[in-house]
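Position one of the sequence shown corresponds to residue 0 (numbering that gives the first Met the number 0), numbered consecutively onward.
For each residue, glycine too, the CB sits at the ideal point set by N, CA and C.
Keep in mind it's a predicted model, so treat the numbers as computed, not measured.
Here's the structure, in structure tokens; my notes come after.
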Amino acid sequence: MKELSINKKLQATLNDFVRNLQKICADNLIGVILYGSGSSGEFAEKLSNLNLLVVLNDASLPRLTLISGLINRWRFRLIHPLFFSQDYIKNSTDVFPIEFLDMKENYTVLAGRDILKDLSIDTKNLRYQCEQELKVKLITLRQFYLRNNKDRTALLNFLLKAFTSTLHILRNIIRLKGKTPPYLKEDIVKDVSREFGIDKVAWQDLLAAKNRLVKLRAREIDSAFVNFARDLEKIIGIVDEL
């Protein structure tokens with residue numbers, strides 16, 4: 000297993016969680032995989048979670064109930080596991096290509112088998128998922144703005160969450176354009192600005208705000224929200240032509 004770029008205390012907590020999981024699940028456990036920022040090196044203290052893919056032979060509710068006590072312990076609050084059977088994963092790659100492609104690019108096997116290594120993902124549905132998620136995101140942005148445009152704190156929180164999830168979608172659109180997508184968010188912003196002709200500085204400011212490196216003033220929040228929605232609409236138009 001490669002060395003993780005998380006602090007020793009959190010590493011020990013993660014190891015303890017996996018040991019307990021192995022004890023509870025026994026032969027039902029196929030593998031435990033860490034994916035996302037905890038594996039990629041982007042983990043940020045007090046901002047990130049540890050995302051786990053837990054693969055089971057039987058992921059039915061009666062079997063998962065045995066694990067509920069473990070995942071609800073306070074000391075494991077930063078660990079966010081997803082529980083799937085291996086068959087469910089194999090039958091879902093066409094529906095969730097973004098999620099599984101992201102997992103495959105940056106992951107660490109903590110226990111058991113590496114089920115991602117040979118997982119085949121057909122990208123023919125990737126554009127449809129990207130386009131659908133971007134269009135849904137634009138709709139929710141508009142609806143939220145109409146109801147909350149006087150609440151700057153609510154606008155900022157919603158905008159930063161939408162911004163982060165949008166970056167995950169856009170890196171896969173870069174893939175659709177025949178290029179290898181970067182993983183680090185600052186590099187995604189650079190590529191997106193170049194590929195889609197959007198304001199790089201504005202998106203860098205959003206990323207800095209997300210990372211709590213800068214604080215947007217009240218009047219800046221509204222314009223940032225409106226401009227992001229405008230950029231998203233422009234990108235959707237380009238994706239529709241891919």
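Burial check for P61: the Cβ neighbour count within 10 Å stays below 16, so the residue is exposed. For T12, the uninterrupted alpha helix (DSSP H) segment begins and ends at K7 to C24.
Secondary structure of V31 (DSSP, three-state): strand. DSSP links N50 through a beta bridge to Y34 and H79.
Taking the C-beta atoms as reference points, V54 is found no nearer than 7 Å to L109. Distance from the CA atom of S84 to the CA atom of A161, rounded to whole angstroms, is 30 Å.
A direct Cα-Cα distance of roughly 24 Å separates I197 from R151. Contact holds between the segment 70-85 and the segment 11-21, because three or more Cβ pairs, one in each stretch, are under 8 Å apart.
Annotation: Y182 is outside any alpha helix (DSSP H) and is labelled neither H nor E by DSSP. Judged by beta-carbon spacing, G111 lies within the 7 Å limit of I29, meaning their Cβ atoms are closer than that value. For I168 against L133, the beta-carbon gap comes to about 6 Å, under 8 Å, which counts as contact.
For G236, the three-state secondary structure derived from DSSP is helix. In terms of Cα proximity to E104, the closest of T179, N148 and Q128 is T179. With the rule of 3 Cβ pairs closer than 8 Å, the segment 180-191 counts as touching the segment 202-211.
Here S164 carries a helix assignment [DSSP, helix/strand/coil]. Per DSSP, the beta bridge partners of A110 are V31.
Its chain contains N50, L52, M102, N105 and Y106 as the residues whose beta carbon lies nearer than 7 Å to that of Y34, once the 5 sequence neighbours on both sides are disregarded; these appear in chain order. With contacts defined by Cβ atoms closer than 7 Å, R170 and I187 form a contacting pair. If you draw a straight line from the Cα of L212 to the Cα of L206, it is about 9 Å long.
For I120, there is no enclosing alpha helix (DSSP H), as DSSP gives it neither H nor E. DSSP places S91 in the coil class of the three-state scheme, outside both helix and strand.
The straight-line gap separating the alpha-carbon atoms of A208 and A25 is approximately 44 Å. Rounded to whole angstroms, the Cβ separation of I120 and T92 is 5 Å, and the two are in contact under 8 Å.
Scanning I66, T64, K116 and N71 for the CA closest to the CA of K89 turns up K116. Under the three-state reduction of DSSP output, L212 falls in the coil class, being neither helix nor strand.
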